Structure formats: C-alpha cells, structure tokens
Amino acid sequence: MRNSEIAAFFNALADLLEIDGANSFRVRAYRNGARTLDSTNADLTRMVEDEDNLTELDGIGKDLAEKIITIIQTGSLPQLLEMQKKIPAGVVEMLRIPGIGPKKVGTFYRDLKIESLEQLKEAAEKGELAKLKGFGKKTEETIIEGIDTLDLTNRRFYLAEAKGYADEIRNDLLKLESVKQAEVAGSCRRRKETVGDLDVLVTASDSAEAMDALAAHALVDKVIARGDTKQRVRLKNGIELDLRVVPEESYGAALVYFTGSKEHNIVLRRRAQERDLKLNEYGLFKEEKLVAGKTEEEVYQKLDLAWVPPELRESRIEFDLAEADKIPELLELEDIKGDLHMHTTASDGKASIAGMAEAAKQQGLKYIAITDHSKRVMMANGLDGKRLLKHWEEIDRVNEETKGIEILKGIECDILEDGTLDLEDEVLKQGDWVIAVLHYGLKQPRAKIMKRLMTAITNPYVHMIGHPTGRLILKRPGADIDMDEFLKACADHGTLLEINAHFSRLDLSEVHAAAAKDLGIPIVINTDAHSPEGYNVRQYGVYQARRAGLTKADVANTRSWAQMKKLMK
DNA sequence: GCCGTTTTCGGCCCGACTGTTTTCAGTCG
Numbered sequence: 001m002r003n004s005e006i007a008a009f010f011n012a013l014a015d016l017l018e019i020d021g022a023n024s025f026r027v028r029a030y031r032n033g034a035r036t037l038d039s040t041n042a043d044l045t046r047m048v049e050d051e052d053n054l055t056e057l058d059g060i061g062k063d064l065a066e067k068i069i070t071i072i073q074t075g076s077l078p079q080l081l082e083m084q085k086k087i088p089a090g091v092v093e094m095l096r097i098p099g100i101g102p103k104k105v106g107t108f109y110r111d112l113k114i115e116s117l118e119q120l121k122e123a124a125e126k127g128e129l130a131k132l133k134g135f136g137k138k139t140e141e142t143i144i145e146g147i148d149t150l151d152l153t154n155r156r157f158y159l160a161e162a163k164g165y166a167d168e169i170r171n172d173l174l175k176l177e178s179v180k181q182a183e184v185a186g187s188c189r190r191r192k193e194t195v196g197d198l199d200v201l202v203t204a205s206d207s208a209e210a211m212d213a214l215a216a217h218a219l220v221d222k223v224i225a226r227g228d229t230k231q232r233v234r235l236k237n238g239i240e241l242d243l244r245v246v247p248e249e250s251y252g253a254a255l256v257y258f259t260g261s262k263e264h265n266i267v268l269r270r271r272a273q274e275r276d277l278k279l280n281e282y283g284l285f286k287e288e289k290l291v292a293g294k295t296e297e298e299v300y301q302k303l304d305l306a307w308v309p310p311e312l313r314e315s316r317i318e319f320d321l322a323e324a325d326k327i328p329e330l331l332e333l334e335d336i337k338g339d340l341h342m343h344t345t346a347s348d349g350k351a352s353i354a355g356m357a358e359a360a361k362q363q364g365l366k367y368i369a370i371t372d373h374s375k376r377v378m379m380a381n382g383l384d385g386k387r388l389l390k391h392w393e394e395i396d397r398v399n400e401e402t403k404g405i406e407i408l409k410g411i412e413c414d415i416l417e418d419g420t421l422d423l424e425d426e427v428l429k430q431g432d433w434v435i436a437v438l439h440y441g442l443k444q445p446r447a448k449i450m451k452r453l454m455t456a457i458t459n460p461y462v463h464m465i466g467h468p469t470g471r472l473i474l475k476r477p478g479a480d481i482d483m484d485e486f487l488k489a490c491a492d493h494g495t496l497l498e499i500n501a502h503f504s505r506l507d508l509s510e511v512h513a514a515a516a517k518d519l520g521i522p523i524v525i526n527t528d529a530h531s532p533e534g535y536n537v538r539q540y541g542v543y544q545a546r547r548a549g550l551t552k553a554d555v556a557n558t559r560s561w562a563q564m565k566k567l568m569k
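The structure is reproduced here in structure tokens:
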C-alpha cells in the first residue's frame, strides 16, 4: 500500500472526528500524522514488514503506529469504519463548501438530519437553516452559491498558470503611486507543484487604492471579502486571491507569514515562544516591543536561524540546515548547460532538429540531445530501429553544420509491459544518450513495475530513467514504485534520474529527488520540449530541484557534456 | 493524539474577516 493511501485513512478520520466535535488537538494529531506519511520517503509497507519502529516518524506515536500496522495488514481501519457508520459520506462532502466548516456541518447533520449537498441546498432555499440559532440569511446564500460553484472553487491549479496570474497582478499593483513593495507569497512563492489560491502582499501608504485597483483589475471576477488590511477576490478562472496590506516595518514578518507553509510557520512561532517572543504577521515582539519585522532575514536571525529560501519552507529539512547555518546554495536556472530530452518532427515534435538546436542556442545552452519516441508509442509516430539509425545519421549531419551547440543522438525508449525494452541493445549502443521510460501499463502491480524498471536500470546502454513515475499532476497518479529499492538500484548501476520540467509532470517529485540526492544519484533536468516554446518550462524543473534542496553540483546537466559523460555508465 | 535540556502532565500558532450576535464562534490561511 502506498503512503498516500494510508495518509488518506487518517485525513478521512480527522474530517469525521471534527464534524463529530472531537478534541481539536486530537484531530490535528491525525492530520499531522497524515502529512508526515505523505511527505516521507520511507516505505511504510516495508517498515511494517521489517518491524521497524514507526514512532520514529514525526507526529507518529504509539496509537498512530498501531493504526498504520492495522491498515497495512488488513487494508482497513476499524475506527474509521465505525465513524463512517455514524456520519454519512454526504455530510463530509459538505466541508467542501467555502465558508462552511466542521462545526456548521455537524449542526446541520445533528439538528436537521441533513445528509447530502442536495438536502442542504434544499434546506437553504426553503429558509430552514436560518431558523437555527447562530445562522441567518447570509449563511444560506453562501451555501447555495457555494454548492453551485463547487467545481470551480475546489480546483487546484498548475503552478505555471497560477504564477502567471499572480505575477501580472503583482506587477500592476506595483505601478500604483501608494504601493511601495509588492510580492507574491504563499505556495506560489514556495513553487509548489499546484496552487490552491494566491497571496499577494503589499506595503502601501493607502490600502484603499490597492484594494480598489485589485477589485477593478481585468483578471478579477468578484470581491469576496474586504476589510482594512485584507481583501479576497475571485479571478475569472476561478482561482481566489488574497491581498494583504501591511506597514513597511512589518514587511519581512508578513512575507514570512504569508509565504508559509503553515507547518513552517508553526515551527517558527514555537521557536519564538521558546525565546519569550511572539511572532505574527506584524513582526517579532518582546512583550509589546518590535524586535524584528522589516526583512525576512532579521526575523530568521532573531530566531537563531539562517534565512531559508521559500522553496524549502515545508518543515522537512530546513530547520536543521538553518540552525547549523548550512542552507545550501540552491540551483539556479542559469546553471543549466544542456537539455537532454526533446522531440522533433521525426516523432511527435513540431520543429526540426536544426530548429530545436537554434532555439536552444538562443537560450545559452551548450548541448542538447534529440530524444524522439520509440516505436511502441504509435500515436506519436515512434521510431523503430531502422528509422532511428537514419534519424541519428541526420542528427550527425545537422550537428556538423551547426556551430555553437552540440547536438547529441538520443532516444526516449519505452520499457514495454512485458519488461523488455522497445529497441535492441544493438541499436541503443550506437547512440550518445538513451532515456528509458514507462508510458504504458502504469497501473500494473508493484512487482511487475519494479521488474520493468530493473530491466532498464541494469541495461548497460540506458543512461537515465525519464519521468520515473509517469504521473500527470492533477490527472493521474504515477506507477506504484518501491522508491527505496528503485533509488538504490539506480545508485548501484550508475543510472541517472530525471526531473522532467513540464509543469504537469515534475517527475521526480521533490521528496524523491531529495532522496536521490542523498544516495548521490545525479539528477538531470530536462524540458521534454515538443517545440522551441517547450523549453520555457525549464524554470519549473529548477523550482522542483530547489524544493528538493539540490545544488548545482547535484544536477548533472549543469556540467559540460564532456564532464557529464564522466557521470554516466 | 503527540510530545518533552522545566518529560509522563498540560500544553498544543495566531490574527483577519464574516455573520451572527451585543461579545463571540466559526472559518480560513
């Protein structure tokens, strides 16, 4: 069973307990535990088999450890089943309505026997909810509108899309006379793979001007809430954006606060408490006196920490590093010297070899590998051995004619469902760069997937596994891989791993990339471009690498091709 | 339910905004 599936048991139980009115710290304990399971690279199924001590994981005590064992051994959790009997699934679903939380949902269920979104909407329309103590007409309207727009408001967005809107609004706010500083904060600034909503922070002499401008902005659909320092709006694409206006002396503290993550902030506040200080979005205070707040650096410094790059603020590794003043110098976009995964018109790309090479040269790259699909990918016009060898001759010819960039003969070779490679070794050995990938049969059981991956890892002519899990963010999960075993095998056989930079892949994830780094596996950041515009996703690969704590040295294609070859088998 | 250089009890992050209230609970981030 996957860690995320086990985490889902705890999150489900937390929802139910919350509606049931359980102790909120107990609820939090389940959510914290779930979060640990989601972000750990440790294979829980394996740990249970090996009888490892689960309580060594953060937020996992005796009780949760036992529940994890139960889940893995039986595939279910009695306490969850019991709660599900008590509270129907439709009740939990009501939590998805914006502005409606567990307390209200609990009241609807207990006092009015409402068990589904449909029943709730009906009750709101009949005015039955307003009869309850503490409820009124506004709440009914919130519920009706919330249910009608549920599909819109519960969406998450690719970082690429969200960041585009946030940057545009930030830049427009910065043009206002009263606005001094403006920054996009939140998960967007942390460069998370997906973004639920946007946060923009400004310092301004006049908060009304910024709020009026935002309300009138072309991207904005409607204002949801507005106070003196905070305004929430919904953009036309459905994403919601919070604007916060803070005084200049609080800008750094506010930036820390609104960048998050929530978990990172909790640790910071605890550190503040331990030092008899109080941290909020207005600054770090000793009693009533402001100790730090103008810059992020001084806030961290007063908490005995080095400044933490936003990408690392997930309460995973950053506090140990910041405390020891060992925050690594993270990878920068300019460090990347080559791109080793792309397509041309030979398979499903839009541009020629020369076209891709010219565009790469414009971006300052020193080398590229042309890696069209192999024959299994029929719909992409994948190449068989004969066509590939001809294609490689053509690449050699174009390379001869092209100055200023080296063009390498590559292939994106499928690992077939039966565990063999789509092309013969006899062909593969003639190329410069061989990527092996899973495209089909991603739903096969773990053992079968692992066998396929091992074929590729141990093949002497396969240099790298591309988009290792095959996931598509917001669309489908990746293959069920035993990551520990997979990474160890790659380390043992000198097989490199990709961070595919496309914003819908970002595969490896940051957790897996960090684990690969720990094993000394060189990471290659590639765009998988199907046209020259496709190169533009490179920055997202770099963000992902930064979130994994990767430096220039950890990434193979920051080197020259000659240097990089020394890392390859 | 978790956790511990004040350890097995008593804490557990903090503030803005809304809607419903006359002082606050619920929700959200």
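Under UniProt numbering, the first residue of the first sequence carries the number 1, and numbering increases by one thereafter.
We put the CB at the ideal spot given by N, CA and C, even for glycine.
For clarity, every value in this text was computed on a predicted model and none was experimentally measured.
Considering only the alpha carbon of each residue, which of ARG275, MET568, GLY478 lies closest to GLY494? That would be MET568, whose Cα lies nearest to the Cα of GLY494.
GLU140, buried or exposed, once every other Cβ within 10 Å from all chains shown has been counted against 16: By the Cβ neighbour-count rule, GLU140 is buried, with 16 or more other Cβ atoms within 10 Å of its own.
Just the C-alpha distance for GLY364 and GLY338, rounded to the nearest angstrom, thanks. In a straight line, the C-alpha of GLY364 is about 9 Å away from that of GLY338.
Output the distance between the C-alpha atoms of TRP561 and TYR461, rounded to the nearest integer angstrom. The alpha-carbon atoms of TRP561 and TYR461 are separated by roughly 17 Å.
Cα separation between LEU13 and THR70? Each residue's alpha carbon lies about 14 Å from the other.
What separation, rounded to the nearest whole angstrom, lies between the Cα atoms of ASP43 and SER4? Approximately 11 Å between the Cα atoms of the pair.
Ordered list of beta strand (DSSP E) runs contained in the segment 231 to 289, each at least 3 residues: Those beta strand (DSSP E) runs which fall completely within the segment 231 to 289 and span 3+ residues are 240 to 246, 278 to 280, 283 to 286.
Among GLY101, ARG190, LYS443, ALA489, which residue has its Cα nearest to the Cα of ARG476? Closest by alpha carbon: LYS443.
Taking 7 Å as the threshold (C-beta atoms), are PRO88 and GLU128 in contact? Not a contact, by the Cβ cut-off of 7 Å.
Is DSSP giving TRP561 helix, strand or coil here? Residue state for TRP561 is assigned as helix, using DSSP reduced to three classes.
TYR535, enclosing alpha helix (DSSP H) - first and last residue: For TYR535, no alpha helix (DSSP H) segment is defined, and its DSSP state is neither H nor E.
I'd like to check one pair, LYS409 with ILE395: are the Cβ atoms closer than 7 Å? Yes, Cβ-Cβ distance for ILE395 and LYS409 is below 7 Å.
If you follow the alpha helix (DSSP H) that ARG28 is in, where does it begin and where does it stop? Where ARG28 is concerned, the enclosing alpha helix (DSSP H) stretches over 24 to 39.
DSSP has LYS126 in a bridge; who is on the other side? According to DSSP, which records beta bridges pairwise, LYS126 is partnered with nothing at all.
Residues that ASP414 bridges to, as DSSP identifies them: Beta-bridge analysis with DSSP links ASP414 to VAL437.
I'd like to confirm the pairing. Which residues does DSSP put opposite ALA515 in its beta bridges? In the DSSP output, where bridge partners are listed per residue, ALA515 has none listed.
Excluding the 5 residues flanking ILE317 on each side, which residues of the same chain have their C-beta closer than 7 Å to its C-beta? Closer than 7 Å at Cβ, skipping near neighbours: GLY549.
DSSP state of GLY186, grouped into three classes? Helix.
Could you tell me whether the segment 514 to 533 touches the segment 171 to 183, using the rule of 3 or more Cβ pairs below 8 Å? Cβ pair count under 8 Å is below three, so no.
Could you give the distance in angstroms between the alpha-carbon of SER352 and the alpha-carbon of ALA346? About 8 Å.
Can you name the start and end residues of the alpha helix (DSSP H) that LYS145 belongs to? In the sequence under discussion, the amino acid at residue 145 is Glu, which differs from the Lys named in the question. Here the alpha helix (DSSP H) through GLU145 covers 137 to 148.
Can you give me the start and stop residues for the beta strand (DSSP E) that ALA225 sits inside? Where ALA225 is concerned, the enclosing beta strand (DSSP E) stretches over 220 to 226.
For ASP221, which option in GLU393, MET83, GLY33, LEU152 has the closest C-alpha, if you only look at C-alpha atoms? Taking only the C-alpha atoms, the option nearest ASP221 is LEU152.
ASP482 versus LYS517 - alpha carbon distance: Those two C-alpha atoms are separated by around 17 Å.
Is it true that the CB of LEU77 sits closer than 7 Å to the CB of PHE9? Going by C-beta atoms, PHE9 is nearer than 7 Å to LEU77.
Looking at the secondary structure, which residues open and close the beta strand (DSSP E) in which ASP372 lies? Annotation for ASP372: the continuous beta strand (DSSP E) segment containing it runs 367 to 373.
Does the separation of the CB atoms of SER187 and SER205 fall below 7 Å? For SER187 and SER205, no; Cβs fall outside 7 Å.
Can at least three beta-carbon pairs, one atom from the segment 282 to 291 and one from the segment 309 to 326, be found at a separation below 8 Å? The segment 282 to 291 and the segment 309 to 326 do not touch, with fewer than 3 CB-CB distances between them shorter than 8 Å.
With a 10 Å radius around its C-beta and 16 neighbouring C-beta atoms as the bar for buried, classify GLY349 as buried or exposed. Buried, because 16 or more other Cβ atoms sit within 10 Å of the Cβ of GLY349.
Quick check for students: name the residue ranges of the beta strand (DSSP E) that lie wholly in the segment 281 to 342, counting only runs of 3 or more. Counting only unbroken stretches of 3 or more residues, the beta strand (DSSP E) elements lying wholly within the segment 281 to 342 are 283 to 286, 289 to 292, in sequence order.
Does the Cβ-Cβ distance between VAL92 and LEU331 come in under 7 Å? Going by C-beta atoms, VAL92 is not nearer than 7 Å to LEU331.
Which two residues bound the contiguous beta strand (DSSP E) that contains THR55? Counting along the chain, THR55 falls outside any beta strand (DSSP E), and DSSP gives it neither H nor E.
Would you check if there are 3 or more beta carbon pairs closer than 8 Å linking the segment 44 to 54 to the segment 24 to 35? The segment 44 to 54 makes no contact with the segment 24 to 35: fewer than 3 CB pairs, one atom from each, lie closer than 8 Å.
Own chain partners of TYR251 with C-beta closer than 8 Å, once the 5 adjacent residues on each side are dropped: Residues of the same chain with a CB within less than 8 Å of the CB of TYR251, apart from the 5 flanking positions on each side, are GLN181, LEU201, THR203, GLY293, LYS294, THR295 in chain order.
With C-beta atoms as the reference, is HIS343 less than 7 Å away from ASP372? It is a contact, given that the beta carbons lie within the stated cut-off.
Secondary structure of LEU81, DSSP reduced to three states: Note: LEU81 maps to helix in three-state DSSP.
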